[in-house]
Amino acid sequence: ILNVEQSPQSLHVQEGDSTNFTCSFPSSNFYALHWYRWETAKSPEALFVMTLNGDEKKKGRISATLNTKEGYSYLYIKGSQPEDSATYLCASGNAGGTSYGKLTFGQGTILTVHP
Amino acid sequence: SAVISQKPSRDICQRGTSLTIQCQVDSQVTMMFWYRQQPGQSLTLIATANQGSEATYESGFVIDKFPISRPNLTFSTLTVSNMSPEDSSIYLCSATQGTSTNEKLFFGSGTQLSVL
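Right under this line is the structure:
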C-alpha cells in the first residue's frame, strides 16, 4: 500500500446501528495513525492518535484499533446517533517526519445517520 | 489546547486574481502547516510554514503559486495566486504544540474557495 486508503467512501445507517470503517496505510516507516471527525465548516476534531501495534482506544461510543504490521486501523461507532454524521478521516505520519503535523490523509468516509 | 481562527471561511473569486488566507492561533505553537482538499480528493499537505524563513513546500507545490508567510509563532498566511478553477478547494491550516512525546495537532475551520 503506497497511500492511505479508507473504505467505504460513504455510509448511510439508521439511528442505533453500529458501524465501522477501515483505514489502510503503508506499514513501512510507520510513526502514528490519526483519526479525525470533520463536520462541514468546522475544524477537524481529533478522535485518536495511535502509535503502538495492537493499540485499542475508546472515546464514549467510538473506539479504534491499530495493526501496524499489516497496515490497517478500524474505527467503530456503537449505537450511531444523528450527531455522529460527519466525515471521518484517517491520516498516517511516517517516521522521519518527526511531527504529528505532516500527515498523509485518506479520502475520508462520509457517515450519515438517519433518525 | 490551541484554537486556530482561520479566515475567510469562504470566498468566490474570479480567475487570475489572488486570495490571501489567514490563520491566527491563540497560543504559541511549534509548527504550522497548510493543507488543501480538492473536490473528491484527500487532504494534501501544501507546505510547512517556517517562522521567519521561507516555507518548505511539498512535491507539486511552488512558492510562486502558494506564497506563505509566518512572521511570528502564532500567525501565518497562505496566498493562492493567479487563481484558476482548478484551485477551487478547501484550504486548511494546522499547528502543533508540545514536544515529540506529547505533541498535539490542531486545525483551523477551513476556507472554502470557489474560482469562477
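Residue numbers (this note's numbering), protein chains in the order written: chain A, 17 to 131; chain B, 360 to 475.
We put the CB at the ideal spot given by N, CA and C, even for glycine.
Only a predicted model underlies this, so the values are computations on that prediction, with no experimental measurement involved.
Reference residue i, options the options, closest by Cα
| i | options | result |
| --- | --- | --- |
| residue 428 of chain B | B/457, B/369, B/418 and B/393 | B/393 |
| residue 380 of chain B | B/438, B/443 and B/468 | B/438 |
| residue 19 of chain A | A/99, A/46 and A/95 | A/46 |
| residue 374 of chain B | B/444, B/465, B/419 and B/415 | B/444 |
| residue 385 of chain B | B/377, B/409, B/365 and B/425 | B/365 |
| residue 105 of chain A | A/70, A/48 and A/122 | A/122 |
| residue 131 of chain A | A/24, A/32, A/25 and A/22 | A/32 |
| residue 52 of chain A | A/90, A/129 and A/94 | A/90 |
| residue 120 of chain A | A/127, A/126, A/129 and A/109 | A/109 |
| residue 463 of chain B | B/410, B/389 and B/419 | B/389 |
| residue 391 of chain B | B/433, B/372 and B/468 | B/433 |
| residue 451 of chain B | B/412, B/468, B/442 and B/410 | B/468 |
| residue 474 of chain B | B/376, B/361 and B/360 | B/376 |
| residue 395 of chain B | A/118, A/98 and A/77 | A/118 |
| residue 124 of chain A | B/372, B/400, B/431 and B/370 | B/400 |
| residue 410 of chain B | B/402, B/363 and B/430 | B/430 |
Endpoints, the beta strand (DSSP E) within which residue i is located
| i | result |
| --- | --- |
| residue 424 of chain B | Neither: residue 424 of chain B is in no beta strand (DSSP E) and is coded neither H nor E. |
| residue 37 of chain A | 35 to 40 |
| residue 406 of chain B | 402 to 408 |
| residue 26 of chain A | 26 to 30 |
| residue 376 of chain B | Segment: none, residue 376 of chain B is in no beta strand (DSSP E) and carries neither H nor E. |
C-beta atoms of residue i and residue j nearer than 7 Å
| i | j | result |
| --- | --- | --- |
| residue 54 of chain A | residue 107 of chain A | no |
| residue 73 of chain A | residue 64 of chain A | yes |
| residue 470 of chain B | residue 398 of chain B | no |
| residue 92 of chain A | residue 79 of chain A | yes |
| residue 60 of chain A | residue 466 of chain B | yes |
| residue 84 of chain A | residue 69 of chain A | yes |
| residue 472 of chain B | residue 448 of chain B | yes |
| residue 23 of chain A | residue 126 of chain A | no |
| residue 34 of chain A | residue 94 of chain A | yes |
DSSP beta-bridge partners of residue i
| i | result |
| --- | --- |
| residue 108 of chain A | A/49 and A/120 |
| residue 370 of chain B | B/472 |
| residue 455 of chain B | B/390 and B/464 |
| residue 383 of chain B | B/364 and B/434 |
| residue 22 of chain A | A/39 |
| residue 396 of chain B | B/402 and B/449 |
| residue 102 of chain A | A/127 |
Closer than 7 Å to chain D by CB, residue i
| i | result |
| --- | --- |
| residue 434 of chain B | Protein chains in the displayed structure are A and B, and chain D is not among them. |
#### Entry: Uninterrupted beta strand (DSSP E) stretches inside the stretch 49 to 90 of chain A (no shorter than 3 residues)
61 to 66, 72 to 75 and 78 to 83
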